[in-house]
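Chemist: My structure is below; once you've seen it, I'll send some questions.
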Amino acid sequence: MKRIWGILGSILLLAACEQKNDMLFRQISANDSGIDFSNTLTPSPELNILTYLYYYNGAGVAAADFNNDGLVDLFFTSNQEADQLYLNQGNFKFQNATEQAGILHDGSWSTGVTYADVNADGLLDIYVCKVGGYRALEGQNKLYINVGVNADGIPEFREEAAQYGLDFSGLSTQAAFFDYDLDGDLDLFLMNHSVHPNRAYGNGSQRSKFDPISGDRLFRNENDFFTEVTEDIGIFQGKIGYGLGLGIGDLNQDGYPDLYIGNDFFENDYLYMNQGNGKFKEIVSEDPARLGHTTHFSMGNDLADINNDGQLDIVSLDMLPEDLETYKASGLEYPFPTYAYYLKNGYAPQYMQNTLHLNLGDATFSEIGHLSGIAATEWSWGALVADYDNDGYRDLFISNGILGATNDMDFVSFISNEEIQRNIDKGMTEADMALINKIPETKVSNYFFKNSGDLSFENTTLAWLDAKNSFSNGCAYADLDNDGDLDLVVNNVNEPAYLYQNTSDTTNHYLKIAFKGSGKNLLGLGAKVKLFSSSQEWYGENFVTRGYLSAVPPTLHFGLGSISQVDSLKVIWPSGKTQLLRNIAADQEITLKEDEARNPEQYPNTSLTAIEDSEQNLPIDLVHRDQTSIEFNRNPLVPYASTNEGPGIAVADVNRDGLQDLFVGGGKKQASSLLFQDTSGNFIPQQENMFAADATSEDVAQVFFDANGDGWPELLVASGGNEFQSGLPLQPRLYWNEQGTFRKDSLQFANVEVNASQVVAVDFDQDGDLDLTLTSDLVPWEFGKTPVQYLFENDGSGRFSDVTQSRAPEFQSIGNVKDVEWVDIDGNTYPDLIVAGHWMPLTIFLNDGDTLTKMDNNGLEMSHGWWNTIKAGDFDQDGDLDLIAGNFGENSLLKATEKTPLTLYREDFDDNGTIETLVTYFKEGRETPLASKDELVKQMPYLNKEYLSYKAFAKAELKDLFTGEKLNAAEKKFAYTLKSQYFENDGSGNFTPRTLPKMAQASVVRDIAVKDLNNDGFSDVFLVGNFYEISTQLGRMDAGHGVLLQNDQQGGFLWSPNRDFTYSGPARNIKELTIKNADYWIIGINNAPVVLINQNRK
14 MKRIWGILGS ILLLAACEQK NDMLFRQISA NDSGIDFSNT LTPSPELNIL TYLYYYNGAG
74 VAAADFNNDG LVDLFFTSNQ EADQLYLNQG NFKFQNATEQ AGILHDGSWS TGVTYADVNA
134 DGLLDIYVCK VGGYRALEGQ NKLYINVGVN ADGIPEFREE AAQYGLDFSG LSTQAAFFDY
194 DLDGDLDLFL MNHSVHPNRA YGNGSQRSKF DPISGDRLFR NENDFFTEVT EDIGIFQGKI
254 GYGLGLGIGD LNQDGYPDLY IGNDFFENDY LYMNQGNGKF KEIVSEDPAR LGHTTHFSMG
314 NDLADINNDG QLDIVSLDML PEDLETYKAS GLEYPFPTYA YYLKNGYAPQ YMQNTLHLNL
374 GDATFSEIGH LSGIAATEWS WGALVADYDN DGYRDLFISN GILGATNDMD FVSFISNEEI
434 QRNIDKGMTE ADMALINKIP ETKVSNYFFK NSGDLSFENT TLAWLDAKNS FSNGCAYADL
494 DNDGDLDLVV NNVNEPAYLY QNTSDTTNHY LKIAFKGSGK NLLGLGAKVK LFSSSQEWYG
554 ENFVTRGYLS AVPPTLHFGL GSISQVDSLK VIWPSGKTQL LRNIAADQEI TLKEDEARNP
614 EQYPNTSLTA IEDSEQNLPI DLVHRDQTSI EFNRNPLVPY ASTNEGPGIA VADVNRDGLQ
674 DLFVGGGKKQ ASSLLFQDTS GNFIPQQENM FAADATSEDV AQVFFDANGD GWPELLVASG
734 GNEFQSGLPL QPRLYWNEQG TFRKDSLQFA NVEVNASQVV AVDFDQDGDL DLTLTSDLVP
794 WEFGKTPVQY LFENDGSGRF SDVTQSRAPE FQSIGNVKDV EWVDIDGNTY PDLIVAGHWM
854 PLTIFLNDGD TLTKMDNNGL EMSHGWWNTI KAGDFDQDGD LDLIAGNFGE NSLLKATEKT
914 PLTLYREDFD DNGTIETLVT YFKEGRETPL ASKDELVKQM PYLNKEYLSY KAFAKAELKD
974 LFTGEKLNAA EKKFAYTLKS QYFENDGSGN FTPRTLPKMA QASVVRDIAV KDLNNDGFSD
1034 VFLVGNFYEI STQLGRMDAG HGVLLQNDQQ GGFLWSPNRD FTYSGPARNI KELTIKNADY
1094 WIIGINNAPV VLINQNRK
């Protein structure tokens, strides 16, 4: 028996070894490589994590050929010990040449490193960032000029930062050489950080002030001397800049390099768009909707094209834990009321998560970090986007870990003690060093994500690497053995650097591109390359500062998958010169030479203006105004607020002059607007005083309809927004049309009070007049409670009676309804009712002319979601009506299935006579509350007594927190899907769900326009939405800029990127509108101007 077990053990061990050998990367030991460098930290009472908040932030690595022998060498920076240079000897063997090369160690604190051929002599020079001017840290940035390679092949350096004007002394993080003004020489951007505590932020306007050691700097190269020109060109230099991430690239394809700066803590990230006139315009502080939310505690970043569309996308890292217990025990986002305060004080939306900003063109982005699967990777530092498996799509490497996780809430509670803080402020002693031991470490593995080619990434960490837990920071990719795949090197804290050899031996092909520039930019920094094959395109830009504190070689690497020959290659040099090569064989390195380029590139005009301003600002001058939501003040446990629901829009020819007019609902304390179109296409306000009388109401739903059959459309307005519990602000208002002038009816609907979500006119009984459906999504101030729905019958003269109980009894209490659609599903000539809402399935009520009966067994029984809108149409042209419905989307930490639903529990959990709303979701197979411990304790203080520590709370099961008895007794509602979906009708009333394309899931869909836009006979759809008033633990759903889905004529839809069909902001409503014989969409945006989009601009 022992022998059998021994044989089995050998087999298992052999299998394990073979599995490891099959991994894409192999770690080479320090003994084998000769790289024994370690960024070793030695804390002291004068310098430690409690006296310097970036003590554990690590150091960088630069990968480049410093001795011109054709092999990539490595330069490591060290915080407290010597920076070191290792020369590549081939076959992953390296020689430490630090002393021979003249690299100095003066005891100063090094952070980031980059390089360039600063003096254009064909030799690479090294620029090292230092920390100075803080406590005992006194250092100046170093510029090591390469003066030549000696007989032993060792490059020799001379420190000349002062001679070049680059001996800055301050809190430097990282730098990048680039030609920002395209004058042919290299300038320098220097990113610095701050040491001011988070509590001292104040107003965001501080970013416009000057700080001598913290603010970022830009140095212009003037005849080989670098002159600081920061203030003149629009770069912020304030003390609230905590710069950790630096990315460069042409984000709007105008030929000029732009900058993305990732700032830690509450300061905005900076997106500097190069204006081409020597100045930059910072976008996030000016128009945050263009970019959407950013990382909160921003760390490293990378700019690269992740979907092969020829646009640079942005990956920025943060510290959102993937592990549930770590997440629950860590500091999470501020509650919504606090967050709203920060926004009012000049800060832009930012959340603790990794972000992926998908570039839609013209400096407009969709943040899809959660949707793509990369949002949560623990405490992350360096992001490197590159094609590691050469399959044609760029993957993602993330370095990870920190020696002291200062966001652990139990430690925060401990260290916040006033006496401890006073002692630290006085100066720490050896005895105080014991405080540091109380900080838990976050020692986790680095991550690999494989690009799936569909805007999503697969976590391949375990498949690609025998990963070890570490404290990893700076990192760089390089083809260290010149075999055509990318290897990796990682700088670690208190551990030798990692060297990952790429062992790829697949049939995938590659192409490496080197550059030989002219003039003073010999590396061709800023050069762009476009590759084309019959089935695919690739794009890259040659900038070396990447990841975090690090730099990569000055080459571009393209994985080509199965493509063995590139049809064409186009290079665009920073000078504007271009060259086109054809039929390039794969699996080689080629060198492009600027001297061989000729024709200048013609860039389109991409000057930054408001989106669609040529359309939206001309005919309609209307800005919706809404209040900051206070729903989270009333109930911090809700996942989203039900405020800020407007504006709704209605379109009709009110005065019968042949021109379409508008009604646009106002927010709370803002009058709604009636606007008549004139023959010039302008819209003129009408009867303003009448609508001002009801400005208190938040008007969210309205419909024009001919109530009395006289040919003049009346107007019904319904209000909601969860602002009022009862009274006049919740009563629907009917306005009679008296030949183009409205008169308010003070009697009808006087006994109806409803927090409305939708109102629709329909002749449901086919008696020749229009009846009304009035829906509600909530009972005011009682999240999730089922409200009453209404069906009103018209007697023909415009008098309405509530017939819900007699005609549609099941509809009356169907759920939290957001939208309805009346269409004839079963072909009996009577319109049937389709209902969409939250915590409920899509539901169809069949109409027999007398009663509405809920349709069962139609495939929709388990479609419970957070549905906001529903549209019906014969999308596949098979003779029956299909459905398309807008949901919450999948771009948040929430995901839902039938087995792992979102659940709403309504119950008095603490026996205080008040119903609490508990929302749960599943993470790692475990049901857990969405609300944080702090939020739960506000509503249920008993939890603080039972779970004194955050760690204990994080480990507790749901039934332990709230008892199984209470959970079982609670009223429960579910959501089984958050995907926006298309439901195909099989012709017999059975509906099959089909998930819409990835970008349709990037944000909340609030409304849908249906139209055949390409005249192929099949209806296309245009989705609008976004949602800002949601729990800060979910972030902000702001990735929607209008999603155009083209009907593929095969029962599905394809995402069709279209820069002409775009907007920014929380859209609520979209309607068709004709202006001067041209077809437009008008979009109602909450708290913003309405937007017009010309449908012919496509």
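Be aware that the sequence shown starts at 14, since it is given in this note's numbering, and climbs by one per residue.
Glycine residues also receive a C-beta, built at the ideal position from the N, C-alpha and C atoms.
Would you check if the stretch 158–171 and the stretch 108–120 touch, i.e. whether three or more CB-CB distances between them fall below 8 Å?
Modeler: At 8 Å Cβ cutoff, the stretches touch.
Chemist: Can you grab the Cα-Cα spacing for the pair Leu195 / Pro567, in whole Å?
Modeler: Position 182 of the sequence shown holds residue 195. Position 554 of the sequence shown holds residue 567. Roughly 18 Å separates the two Cα atoms.
Chemist: Count the other CB atoms within 10 Å of the CB of Thr933; is the residue buried (16 or more) or exposed (fewer)?
Modeler: Here residue 933 is taken as the residue at index 920 of the sequence shown, counted from 1. Per the 10 Å Cβ criterion, buried.
Chemist: Do you know how far the Cα of Ala821 is from the Cα of Glu806?
Modeler: Here residue 806 is taken as the residue at index 793 of the sequence shown, counted from 1. Here residue 821 is taken as the residue at index 808 of the sequence shown, counted from 1. So the alpha carbons of these two residues sit roughly 11 Å apart.
Chemist: I want to know whether the stretch 485–497 touches the stretch 340–347 - three or more CB-CB distances under 8 Å.
Modeler: Taking 8 Å as the limit for Cβ pairs, the verdict is that the stretch 340–347 does not touch the stretch 485–497.
Chemist: Where does Val297 sit, in a helix, a strand or coil, going by DSSP?
Modeler: Within the sequence shown, numbered from 1, the residue matching residue 297 stands at position 284. Coil, per DSSP.
Chemist: What are the partner residues of Cys488, as DSSP defines its beta bridges?
Modeler: Taking the sequence shown and counting its residues from 1, one reaches residue 488 at position 475. Cys488 pairs with Val503.
Chemist: Enumerate, from N- to C-terminal direction, the unbroken beta strand (DSSP E) stretches of 3 or more residues contained entirely within the stretch 714–754.
Modeler: The qualifying runs are 727–732, 746–750.
Chemist: Rounded to the nearest angstrom, how far is the Cβ of Asp180 from that of Ala189, given a contact under 8 Å?
Modeler: Residue 180 sits at position 167 when you count from the first residue of the sequence shown. Residue 189 sits at position 176 when you count from the first residue of the sequence shown. That belief does not hold up - the Cβ atoms of Asp180 and Ala189 are roughly 17 Å apart, past 8 Å.
Chemist: Bridge partners of Ile697, per DSSP?
Modeler: Residue mapping note: residue 697 aligns to position 684 of the sequence shown, counting from 1. Partner(s): Phe689.
Chemist: According to DSSP, simplified to helix, strand and coil, what is Phe796?
Modeler: Here residue 796 refers to the residue found at position 783 when the sequence shown is read from its first residue. Phe796 falls in the coil class under three-state DSSP.
Chemist: Nearest-angstrom Cα distance between Gly83 and Asn101?
Modeler: Position 70 of the sequence shown, counted from the start, is the residue given in the question as residue 83. Position 88 of the sequence shown, counted from the start, is the residue given in the question as residue 101. Approximately 9 Å, taken between the alpha carbons.
Chemist: So does the stretch 842–851 actually touch the stretch 961–981, counting three or more Cβ pairs closer than 8 Å?
Modeler: Flag = no, the stretch 842–851 and the stretch 961–981 do not touch.
Chemist: As a quick exercise: from Ala77, Lys155, Leu98, pick the residue whose alpha carbon is nearest that of Leu136.
Modeler: To locate residue 136, count along the sequence shown from 1; it is residue 123. Nearest of Ala77, Lys155, Leu98 to Leu136, Cα basis: Ala77.
Chemist: Compare the beta carbon distance of Ala1080 and Asp1020 with 8 Å and say whether it is the shorter of the two.
Modeler: Looking up residue 1080 in the sequence shown gives position 1067. Looking up residue 1020 in the sequence shown gives position 1007. Closer than 8 Å, so yes.
Chemist: Please list the terminal residues of the continuous alpha helix (DSSP H) segment that includes Pro168.
Modeler: Numbered from its first residue, the sequence shown carries residue 168 at position 155. Looking at the DSSP string, Pro168 is not in any alpha helix (DSSP H); the run it does join, the beta strand (DSSP E), is 168–172.
Chemist: Between which two residues does the alpha helix (DSSP H) containing Ile433 stretch?
Modeler: Position 420 of the sequence shown, counting from 1, holds the residue named residue 433. Run containing Ile433: 431–439, per the alpha helix (DSSP H) assignment.
Chemist: Check Glu806 in the structure and name its three-state DSSP category.
Modeler: Translated into positions along the sequence shown, residue 806 becomes position 793. DSSP places Glu806 in strand when its eight states are reduced to three.
Chemist: If you follow the beta strand (DSSP E) that Asn413 is in, where does it begin and where does it stop?
Modeler: As a first step, residue 413 is located in the sequence shown; it is residue number 400 there, counting from the start. 408–413 is the extent of the beta strand (DSSP E) around Asn413.
Chemist: DSSP three-state label for Phe462, please.
Modeler: Sequence index remark: in the sequence shown, residue 462 carries index 449 (1-based). In this structure, Phe462 counts as strand in the three-state DSSP scheme.
Chemist: Flag this pair as yes or no: are the beta carbons of Leu896 and Leu855 separated by less than 8 Å?
Modeler: Numbered from 1 along the sequence shown, position 883 holds the residue referred to as residue 896. Numbered from 1 along the sequence shown, position 842 holds the residue referred to as residue 855. Yes, they are a contact pair.
Chemist: The beta strand (DSSP E) spanning Gln592 covers which residue range?
Modeler: Taking the sequence shown and counting its residues from 1, one reaches residue 592 at position 579. Segment 591–598, the beta strand (DSSP E) holding Gln592.
Chemist: Can you give me the start and stop residues for the alpha helix (DSSP H) that Tyr354 sits inside?
Modeler: What you label residue 354 is simply residue 341 of the sequence shown in a count that begins at 1. Where Tyr354 is concerned, the enclosing alpha helix (DSSP H) stretches over 349–357.
Chemist: For Ile633, is the classification buried or exposed, using 16 other Cβ atoms within 10 angstroms of its Cβ as the cut-off for buried?
Modeler: As a working note, residue 633 is residue 620 in the sequence shown. It counts as buried.
Chemist: Can you give the beta carbon distance from Asp1051 to Gly305, rounded, assuming they're within the 8 Å contact cut?
Modeler: For the purposes of this step, residue 1051 is taken as residue 1038 along the sequence shown, with counting starting at 1. For the purposes of this step, residue 305 is taken as residue 292 along the sequence shown, with counting starting at 1. That pair is a contact at about 4 Å.
Chemist: May I ask which residues mark the beginning and end of the beta strand (DSSP E) holding Val950?
Modeler: Your numbering for residue 950 matches position 937 in the sequence shown. Note, Val950: premise wrong, no beta strand (DSSP E); alpha helix (DSSP H) at 946–952.
Chemist: Ordered along the chain, which non-local residues of its own chain (more than five positions away) have a Cβ less than 6 Å from that of Ala598?
Modeler: As a working note, residue 598 is residue 585 in the sequence shown. The residues are Gln578.
Chemist: Relative to the C-alpha of Asn320, which residue among Thr558, His370, Gln366, Asn1107 is closest?
Modeler: In the sequence shown, the residue the question calls residue 320 occupies position 307. Taking only the C-alpha atoms, the option nearest Asn320 is His370.
Chemist: When we look at the beta-carbon of Phe88 and count the other beta-carbons within 10 Å, is it buried (16 or more) or exposed?
Modeler: Your numbering for residue 88 matches position 75 in the sequence shown. Classification for Phe88: buried.
Chemist: Measuring CA to CA, which of Ile433, Trp477, Asn420, Asn430 is closest to Glu454?
Modeler: Looking up residue 454 in the sequence shown gives position 441. Here the closest residue by C-alpha is Asn420.
Chemist: If you count every other CB in all the chains shown that lies within 10 Å of the CB of Val398, and 16 or more means buried, which is it?
Modeler: Within the sequence shown, numbered from 1, the residue matching residue 398 stands at position 385. Buried.
Chemist: If you run the structure through DSSP and keep just helix, strand and coil, what is Thr243?
Modeler: The sequence position of residue 243 within the sequence shown is 230, counting from 1. Three-state result, Thr243: helix.
Chemist: For Leu330 and Tyr360, what's the separation of their Cα atoms in angstroms?
Modeler: In the sequence shown, the residue the question calls residue 330 occupies position 317. In the sequence shown, the residue the question calls residue 360 occupies position 347. Roughly 19 Å between the two C-alpha positions.
Chemist: Mind pulling the beta strand (DSSP E) runs of 3 or more residues that sit fully within the stretch 847–889?
Modeler: If we require 3 residues or more, the beta strand (DSSP E) runs fully inside the stretch 847–889 come out as 856–860, 865–867, 882–886.
Chemist: Does Glu280 come out as helix, strand or coil in the three-state DSSP assignment?
Modeler: If you number the sequence shown from 1, residue 280 lands on position 267. Coil at Glu280, not helix or strand.
Chemist: By the three-class DSSP mapping on this structure, what secondary structure does Pro822 have?
Modeler: Start at 1 with the first residue of the sequence shown, and residue 822 comes out as number 809. Helix at Pro822.
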